[in-house]
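To keep things clear, I will list the structure first and then write my remarks on it.
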Amino acid sequence: MLAPPALHTACQEGQTRYVRELLALGADPDALDDAGETALFYACEYGHAGCAALLLAHDGGGEEHAPIALRAACRRGHLACAELLLPLVAPRHHDVALRKAAENGAVHVVDHLLRRLLAVEPDAARGLLPSALFSACLYGSDACVRLLLQHCEPGHRELITACEDGYTLCAEALLAHGAARSELNGDEGALEVACAAEK
């Protein structure tokens, strides 16, 4: 296996000065490493917004790579990186970014994405909420469940998922917002979790 390109390593380690120097020397901000990732991906994966900003100023990212970097930033809860990328990424990619933040419990990122999406494209944002709510339930991110429930109604699959996986706090939040226990269709384990959550 080859060593990663110097620009990728500098971005992963947050070495802003070295990134600036490499770019001034002509390093390609869109070069891929052996894993097929750009330096922008590593800057966002590790939360180095300064490095990400330098790459973006040198036209790094582009339509192909910016959505991947946005997902990485959201998944890891790096809001500063996500803020840099959101204006550059087509709205069709916001769904995955919101789901990644929700499933990983990055409440501050979910909150920011919701505010931004609801302000800019309220109808589209409301369409994204059910899949984000499901992802939060699937991974037991109860704080994200509570936040998302402020903007959408729970469905049956969210309650079933939370209960089947034993996420009592998620089930409690869903039940408090009107999810019906009757939707569990006699699944004894899920019903037990739901009953415990109702107490």
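Numbering (this note's numbering), first residue to last: 1457 to 1655.
Glycine included, C-beta positions come from ideal geometry on N, C-alpha and C.
Just so it is clear, the structure is predicted and the values come from calculations on it, not from any experiment.
Taking the Cβ atom as the reference point for each residue, do L1511 and L1496 lie within a distance shorter than 9 Å? Here residue 1511 refers to the residue found at position 55 of the sequence shown. Here residue 1496 refers to the residue found at position 40 of the sequence shown. In this structure, L1496 lies closer than 9 Å to L1511 by Cβ.
Would you report the Cα separation of G1611 and L1574, rounded to the nearest angstrom? Within the sequence shown, residue 1611 is the residue found at index 155, counting from 1. Within the sequence shown, residue 1574 is the residue found at index 118, counting from 1. Distance between the alpha carbons of G1611 and L1574: 20 Å.
S1591, DSSP secondary structure in three states: The residue given as residue 1591 occupies position 135 in the sequence shown. S1591 falls in the helix class under three-state DSSP.
Please classify E1520 as buried or exposed, where buried requires at least 16 neighbouring CB atoms within 10 angstroms. Indexing the sequence shown from 1 puts residue 1520 at position 64. Flag for E1520 reads exposed.
Helix, strand or coil: how does DSSP classify C1626 here? Mapped onto the sequence shown, residue 1626 falls at position 170. It is helical.
Note down the Cα distance separating I1616 from A1538, rounded to an integer number of angstroms. In the sequence shown, counting from the first residue as 1, residue 1616 sits at position 160. In the sequence shown, counting from the first residue as 1, residue 1538 sits at position 82. C-alpha separation (whole angstroms): 31 Å.
Taking the alpha-carbon positions, what's the A1508 to C1467 distance? Translated into the one-based positions of the sequence shown, residue 1508 becomes position 52. Translated into the one-based positions of the sequence shown, residue 1467 becomes position 11. Straight-line Cα distance between these residues: approximately 8 Å.
Which first and last residues belong to the alpha helix (DSSP H) in which L1478 is found? Position 22 of the sequence shown, counted from the start, is the residue given in the question as residue 1478. Counting along the chain, the alpha helix (DSSP H) containing L1478 begins and ends at 1472-1480.
Determine the closest residue to L1585 out of G1596, L1479, L1554, L1541, with distance taken between C-alpha atoms. As a position in the sequence shown, residue 1585 is number 129, starting the count at 1. When only C-alpha atoms are compared, the closest one is L1554.
Cα separation between G1503 and R1532? Within the sequence shown, the letter at position 47 stands for residue 1503. Within the sequence shown, the letter at position 76 stands for residue 1532. About 8 Å.
CA-to-CA distance, E1477 to C1593, given in whole angstroms: Taking the sequence shown and counting its residues from 1, one reaches residue 1593 at position 137. Taking the sequence shown and counting its residues from 1, one reaches residue 1477 at position 21. Using only the alpha carbons, I get a separation of about 44 Å.
Work out the CA separation of S1591 and L1535 for me, nearest whole Å. Taking the sequence shown and counting its residues from 1, one reaches residue 1535 at position 79. Taking the sequence shown and counting its residues from 1, one reaches residue 1591 at position 135. Spanning the two alpha carbons is a distance of roughly 19 Å.
Return the first residue and the last residue of the alpha helix (DSSP H) that L1510 is part of. For the purposes of this step, residue 1510 is taken as residue 54 along the sequence shown, with counting starting at 1. Run containing L1510: 1505-1513, per the alpha helix (DSSP H) assignment.
E1469: first and last residue of the uninterrupted alpha helix (DSSP H) it sits in: Along the sequence shown, one-based indexing puts residue 1469 at 13. Taken as a continuous stretch (DSSP letters only), the alpha helix (DSSP H) holding E1469 covers 1462-1469.
For a quick check, are the C-beta atoms of A1627 and A1618 less than 9 Å apart? For this step, residue 1627 is matched to residue 171 along the sequence shown. For this step, residue 1618 is matched to residue 162 along the sequence shown. Closer than 9 Å, so yes.
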